[in-house]
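As numbered in the working numbering, the sequence shown has no gaps in its residue numbers, which increase by one up to the final residue, 813.
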Amino acid sequence: MLGRYCFRCHGAERQRGDLDIESALEARPLVKRLDLWKNVLARLRNEEMPPRKARQPAAAERAGLVSWLDREINEFDYDSVDDPGFEPVRRLTRVEYANTMRDLLGVDLDLVARFPADLSGTSGFENSANTLFMQPDLLERVITAAEDAIEAALPASRTTPEDEARFRRIFVALPGGDTSPVDAARAILDRFLLRAYRRPPTGAEVDEVLGQFRSALEAGASFEDAVKRALRVPLVSPHFLLRVEAACDTDASWQIDDWELASRLSYFLWASMPDDELLELARRGELGKPDVLASQVDRMIADRRSSTLGTVFAAQWLGFDKLGVRVRLDPIENPWCTDTLMDAMKAESAMFFVALIRDDEPITRLVDGRFTFLNEELARFYRIRGVTGEAMRRVALTTPLRGGVFGQASILATTSYRDRTSPVLRGRWILADFLGTPPPPPPPDAGEIPEEIEENDRLTMREKLELHRRKPQCRSCHDQIDPLGFSLEHYGRFGRWRERRDGRRIDARARLPDGTEFEGLEGLRRVILAKRRDDLVRQLTRKMLSYALGRQLEYYDEAAVRRAVAALERDGLRFRDLIREIVTSYPFRFKKNRATQESAGATR
Numbered sequence: 210m211l212g213r214y215c216f217r218c219h220g221a222e223r224q225r226g227d228l229d230i231e232s233a234l235e236a237r238p239l240v241k242r243l244d245l246w247k248n249v250l251a252r253l254r255n256e257e258m259p260p261r262k263a264r265q266p267a268a269a270e271r272a273g274l275v276s277w278l279d280r281e282i283n284e285f286d287y288d289s290v291d292d293p294g295f296e297p298v299r300r301l302t303r304v305e306y307a308n309t310m311r312d313l314l315g316v317d318l319d320l321v322a323r324f325p326a327d328l329s330g331t332s333g334f335e336n337s338a339n340t341l342f343m344q345p346d347l348l349e350r351v352i353t354a355a356e357d358a359i360e361a362a363l364p365a366s367r368t369t370p371e372d373e374a375r376f377r378r379i380f381v382a383l384p385g386g387d388t389s390p391v392d393a394a395r396a397i398l399d400r401f402l403l404r405a406y407r408r409p410p411t412g413a414e415v416d417e418v419l420g421q422f423r424s425a426l427e428a429g430a431s432f433e434d435a436v437k438r439a440l441r442v443p444l445v446s447p448h449f450l451l452r453v454e455a456a457c458d459t460d461a462s463w464q465i466d467d468w469e470l471a472s473r474l475s476y477f478l479w480a481s482m483p484d485d486e487l488l489e490l491a492r493r494g495e496l497g498k499p500d501v502l503a504s505q506v507d508r509m510i511a512d513r514r515s516s517t518l519g520t521v522f523a524a525q526w527l528g529f530d531k532l533g534v535r536v537r538l539d540p541i542e543n544p545w546c547t548d549t550l551m552d553a554m555k556a557e558s559a560m561f562f563v564a565l566i567r568d569d570e571p572i573t574r575l576v577d578g579r580f581t582f583l584n585e586e587l588a589r590f591y592r593i594r595g596v597t598g599e600a601m602r603r604v605a606l607t608t609p610l611r612g613g614v615f616g617q618a619s620i621l622a623t624t625s626y627r628d629r630t631s632p633v634l635r636g637r638w639i640l641a642d643f644l645g646t647p648p649p650p651p652p653p654d655a656g657e658i659p660e661e662i663e664e665n666d667r668l669t670m671r672e673k674l675e676l677h678r679r680k681p682q683c684r685s686c687h688d689q690i691d692p693l694g695f696s697l698e699h700y701g702r703f704g705r706w707r708e709r710r711d712g713r714r715i716d717a718r719a720r721l722p723d724g725t726e727f728e729g730l731e732g733l734r735r736v737i738l739a740k741r742r743d744d745l746v747r748q749l750t751r752k753m754l755s756y757a758l759g760r761q762l763e764y765y766d767e768a769a770v771r772r773a774v775a776a777l778e779r780d781g782l783r784f785r786d787l788i789r790e791i792v793t794s795y796p797f798r799f800k801k802n803r804a805t806q807e808s809a810g811a812t813r
């Protein structure tokens with residue numbers, strides 16, 4: 210039936226709308242191309258495809274095809290698949306590199322300002338392995354950064370307590386008495402390489418770096434200068450710049466060792482290297498014990514370094530990392546839109562997310578949290594009184610106009626156009642990014658809002674979209690998208706509250722396809738929690754697991770997602786439980802070679 214009705218437009222030779230159903234059929238099980246088949250299923254159910262002018266299947270044929278696709282993609286037994294996935298070698302991101310250098314050397318410098326920007330991978334995160342290759346120009350800048358960092362961390366003249374502390378942290382031995390310069394250097398390098406490589410160095414690796422020390426010493430360098438020259442070597446080594454896990458020559462999945470587990474934990478929760486406690490537990494082979502792992506998760510979340518779960522993970526998931534970079538306003542036309550305001554907007558969202566984790570709040574607090582983080586400038590922008598000073602601090606909210614991520618200016622700004630708000634952008638962001646349920650792509654003949662409607666100032670945005678939705682091929686998507694966006698129309702392009710738009714009172718009423726009516730931010734919160742809570746929990750689980758693994762999730766990861774969601778449902782949907790479920794999950798603790806991927810359907 211697919212061949213009879215679909216391949217003519219969506220086959221290997223002609224891929225209208227970039228949709229090749231013919232080739233997709235060859236990838237079995239069909240859940241390997243889940244998004245594509247969900248799109249096909251929705252189009253068939255809504256009788257949008259085949260298009261009305263094309264040959265149509267009989268009602269019984271359509272019903273049979275819909276039933277078959279529904280079984281194949283919605284009733285697939287994911288537990289039958291034994292595949293934890295494979296995390297390939299990848300370099301450190303800019304953030305991970307900067308944080309690792311800070312924690313390794315004890316000095317916080319802007320080392321990555323001239324590094325090329327990291328790209329978001331198919332996972333939506335910059336730590337995705339499919340984008341983290343080593344460019345030649347990056348390697349040149351890494352060499353310069355290593356030299357600058359060593360000089361800053363170990364200045365020749367140590368005049369402050371911080372200078373002395375950094376020196377003693379690295380120079381764990383000094384020559385004198387029975388300790389020769391080479392013996393002292395070996396002790397220094399043994400410890401330094403353990404921390405830099407995130408695992409015990411081999412004898413050959415220590416000897417290679419020790420050779421640089423000997424050469425410098427023989428050339429007349431002092432002991433300290435010779436060590437500093439040697440320390441530059443590991444900082445440009447692939448063992449430092451790349452996250453490498455040991456290979457295993459087997460067709461079966463295998464459990465990663467404790468050293469690798471320490472790195473997975475630290476780069477997930479801190480976006481940085483393991484600290485001494487993690488490395489010591491790995492050395493003793495105790496990190497993987499369930500009680501030890503649970504206590505380490507709690508310790509690491511309490512550490513200030515876990516703020517990267519807000520500034521990196523949440524920022525990239527929710528999209529507010531774009532604020533001040535790709536999303537900003539002309540400062541001449543909008544003098545109120547300062548860099549400090551945009552920094553505070555981003556900090557509000559990041560700090561709110563991290564507070565939910567540290568306080569072990571329910572995941573639903575993302576929607577209905579009744580506190581936020583403000584400084585004087587952002588509070589004035591929100592028209593909230595009683596907040597003074599530049600420092601961000603936690604503020605209990607008494608106004609219903611703010612609260613949860615939907616009321617945060619960073620989110621509202623990044624889901625607007627430069628010159629106006631867009632119910633479509635905001636509604637689609639809620640469906641696709643926040644809930645993980647994107648509407649199907651628009652059909653090829655959907656078109657844009659006609660210019661004569663778009664530029665008609667006598668029409669409200671609601672009226673323009675209503676005219677656009679009169680097309681049958683547009684209504685099915687816009688009925689899902691537009692109501693969510695309309696509920697936020699009281700918030701301007703940068704999230705400032707307003708009563709009117711273009712002189713007209715704003716209408717924030719909305720109606721879902723099932724007839725549910727609601728209004729404004731408060732109504733949106735109620736609808737999301739009443740009707741879409743499960744989608745939010747699942748989306749956060751998928752996104753956090755993908756970020757933790759550093760790769761796009763595949764169909765064989767679905768079993769781990771479902772087990773985590775089920776555990777969360779039993780225990781109150783707590784943030785801390787989600788993190789524990791991820792770090793004990795099959796894909797986080799195991800891996801499997803990709804050479805055996807096609808035979809991955811073996812039952813456990």
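Where a beta carbon is used, it is the ideal one built from N, C-alpha and C, also for glycine.
{"query": "Where does Arg-299 sit, in a helix, a strand or coil, going by DSSP?", "result": "strand"}
{"query": "Here's the rule: buried if 16 or more other CB atoms are within 10 angstroms of the residue's CB, otherwise exposed. What is Cys-686?", "result": "buried"}
{"query": "On the three-pair Cβ rule with 8 Å, is the region 504 to 517 touching the region 316 to 333?", "result": "no"}
{"query": "For Arg-671, I'd like the list of residues in its chain whose CB is within less than 7 Å of its CB, leaving aside the five on either flank, ordered along the chain.", "result": "Phe-695 and Asp-716"}
{"query": "What three-state label does DSSP hand Gly-497 in the structure shown?", "result": "coil"}
{"query": "Starting from Phe-216 and walking both ways along the alpha helix (DSSP H), at which residues does that stretch end?", "result": "216 to 219"}
{"query": "For Gly-729, count neighbouring Cβ atoms within 10 angstroms of its own Cβ and tell me buried if that reaches 16, exposed if not.", "result": "buried"}
{"query": "Could you tell me the boundaries of the beta strand (DSSP E) in which Glu-728 lies?", "result": "726 to 728"}
{"query": "Determine the direct distance from the alpha carbon of Phe-295 to that of Asp-399, and round the result to whole angstroms.", "result": "30 Å"}
{"query": "Taking Met-482 and Leu-313 to be in contact with their CB atoms under 8 Å, please state how far apart those CB atoms are, rounded to whole angstroms.", "result": "6 Å"}
{"query": "Quick one: what's got a C-beta closer than 8 Å to Ala-471's C-beta in the same chain, skipping five residues either side?", "result": "Arg-407, Pro-483, Leu-487, Leu-488, Leu-490, Ala-491 and Leu-496"}
{"query": "Which one of Phe-380, Arg-303 and Gly-385 has the shortest CA to CA distance from Ala-192?", "result": "Any question about residue 192 goes unanswered here, given that the chain covers just 210 to 813."}
{"query": "Determine whether the beta carbon atoms of Ile-572 and Phe-784 lie at a separation below 8 Å.", "result": "yes"}
{"query": "Please report the distance separating the alpha-carbon of Cys-218 from that of Ser-332.", "result": "29 Å"}
{"query": "On a CA-only basis, which of Ser-631, Leu-583 and Arg-579 is nearest Thr-607? Give me that one, please.", "result": "Arg-579"}
{"query": "Quick check: the Cα distance between Glu-158 and Ala-405, rounded to an integer number of angstroms?", "result": "Not covered by the structure: residue 158. The range shown for the chain is 210 to 813."}
{"query": "The beta strand (DSSP E) that contains Ala-605, what's its start and end?", "result": "602 to 605"}
{"query": "Please report how far the alpha carbon of Ala-439 lies from the alpha carbon of Asp-357, in whole angstroms.", "result": "14 Å"}
{"query": "State the DSSP-derived secondary structure class of Tyr-700, mapped to helix, strand or coil.", "result": "strand"}
{"query": "Less than 8 Å between CB atoms is the rule here; does Leu-496 satisfy it with respect to chain C?", "result": "Reference to chain C is not applicable here, since this structure consists of a single protein chain."}
{"query": "Between Leu-328 and the rest of its own chain, which residues show a CB-CB distance below 8 Å, the 5 nearest in sequence each way excluded?", "result": "Glu-335 and Thr-340"}
{"query": "What residues are listed by DSSP as bridge partners for Thr-459?", "result": "Its beta-bridge partners do not exist; DSSP assigns none."}
{"query": "According to DSSP, Glu-719 sits in a beta bridge with which residue or residues?", "result": "Rather than Glu, the amino acid found at residue 719 in this sequence is Ala. Partner(s): Phe-727."}
{"query": "With a floor of 3 residues, list each beta strand (DSSP E) that falls wholly inside the region 758 to 812, ordered by position along the chain.", "result": "none"}
{"query": "Starting from Phe-449, follow the beta strand (DSSP E) in both directions and report where the run begins and ends.", "result": "From DSSP, Phe-449 is part of no beta strand (DSSP E) but of the alpha helix (DSSP H) over 447 to 450."}
{"query": "In three-state terms, what does DSSP make of Arg-592?", "result": "coil"}
{"query": "By Cβ distance below 6 Å, which residues in the same chain neighbour His-448 in space, the five residues on each side in sequence not counted?", "result": "Tyr-406"}
{"query": "From Val-351, Ile-352, Ile-379 and Arg-350, pick the residue whose C-alpha is nearest to that of Pro-364; which is it?", "result": "Ile-379"}
{"query": "Report the residue from Arg-567, Met-551 and Ala-361 whose alpha carbon sits nearest the alpha carbon of Tyr-591.", "result": "Met-551"}
{"query": "For the beta strand (DSSP E) that contains Thr-581, what are its first and last residues?", "result": "580 to 583"}
{"query": "So what's Leu-314 in DSSP terms, helix, strand or just coil?", "result": "helix"}
{"query": "Report buried or exposed for Gly-810, applying the criterion of at least 16 other Cβ atoms within 10 angstroms of its Cβ.", "result": "No answer about Gly-810 holds up, because its pLDDT of 37 lies below 50 and its placement is not dependable."}
{"query": "Val-381 by DSSP, collapsed to three states: which one?", "result": "coil"}
{"query": "Residues in the same chain with beta-carbon distance under 8 Å from Arg-223, minus the five sequence neighbours each way, listed in chain order, please.", "result": "Arg-217"}
{"query": "Quick check on DSSP: helix, strand or coil for Arg-747?", "result": "helix"}
{"query": "Is it true that the CB of Lys-800 sits closer than 8 Å to the CB of Ile-465?", "result": "yes"}
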